[in-house]
């Protein structure tokens, strides 16, 4: 955080520092958790099954964790600090729901291939959506451009950050209300502020999704890929593609080097 603060004070994008640091941090966490007991995934192992951080799965994860924190806070012997800690875990999934790279990626479909190249494809789309951003709206009627991982403290994310903070405060307030006054909210207010998945999936997005779910002639779901991976504006898709070929095309294109742009 200190390096990020220094970057902000110097007028530099915080995302540049974050993108540099997260590579080293990921390696350290991966090595530190590599020899966990059998049945307990390493940091990298968890990244391969992180469906609960994407789309409607992140909604389910937050609702479950937030409700558990509320139920604990309602107890007469509850500790507010513990309730906040429980909710902090749930809030991670709420935070993911604000990240543009977590809204429309078909994460469950992009998984399970040899050498984890399908998961690599999901990261390519995640990184692209996160960096370039998506036009979104929420239940309150707010419309803005949401950005993703690394970009929260960039200047372009000012509006996004303001709405994000309101959602976070609403989540914390419900824990306090449950602990102090034993009040259970009929609905979770944070979702009034969070971007809707429907808005992220809008066909009018300037950024054409790298992958989209469609229906084949046999009425079965089919995963399509952008024909020209380097062309981020044209919504032209193909069904005849491979995970490995896609990773190679994207990496060799140079278009996934940070910072990314919509235009070629």
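Numbering (this note's numbering), first residue to last: 1 to 264. Think of the CB as a built atom: it goes at the ideal place given N, C-alpha and C, for glycine as much as any other residue.
*DSSP three-state call for residue 211: helix, strand or coil?*
If DSSP states are grouped into helix, strand and coil, residue 211 belongs with the strands.
*Taking the runs of the alpha helix (DSSP H) that are 4 residues or longer, which of them lie wholly in the region 160 to 240?*
190 to 193, 197 to 200
_If contact is defined by three or more beta carbon pairs under 8 Å, each pair taking one atom from either stretch, is the region 58 to 68 in contact with the region 151 to 166?_
Touching, no, given that fewer than three Cβ pairs across the two stretches are closer than 8 Å.
_Taking contact to mean 3 or more Cβ pairs, one atom from each stretch, closer than 8 Å, check whether the region 46 to 55 and the region 95 to 103 are in contact._
yes
*asked:* Let's see if you can read the secondary structure: which residues bound the alpha helix (DSSP H) around residue 249?
replied: 243 to 253
*residue 64, DSSP secondary structure in three states*: helix
*So, do the region 215 to 223 and the region 247 to 254 have three or more beta carbon pairs nearer to each other than 8 Å?*
Result no; under three Cβ-Cβ pairs closer than 8 Å.
*Is it buried or exposed for residue 167, if we count other Cβ within 10 angstroms and need 16 for buried?*
buried
*asked:* Under 8 Å: do the region 176 to 196 and the region 40 to 49 share three or more Cβ pairs, one atom per stretch?
replied: Judged by Cβ distances under 8 Å, the region 176 to 196 makes no contact with the region 40 to 49, as fewer than three pairs qualify.
_residue 47 versus residue 172: straight-line alpha-carbon distance, rounded_ = 27 Å
*Candidates 238, 230, 8, 18: which alpha carbon is nearest residue 128's?*
230
*On the DSSP bridge assignment, give the partners of residue 27 in chain order.*
According to DSSP, which records beta bridges pairwise, residue 27 is partnered with nothing at all.
_Chain-order list of residues whose beta-carbon lies under 6 Å from that of residue 74 (same chain, five-residue window excluded)_ = These residues qualify, in order along the chain: 178, 182.
*According to the Cβ coordinates, are residue 243 and residue 227 closer than 8 Å?*
no
*Of the residues 27, 185, 149, 16, which one's Cα is nearest the Cα of residue 95?*
149
*Taking the alpha-carbon positions, what's the residue 211 to residue 233 distance?*
13 Å
_Among 30, 1, 33, nearest to residue 21 - alpha-carbon criterion_ = 1
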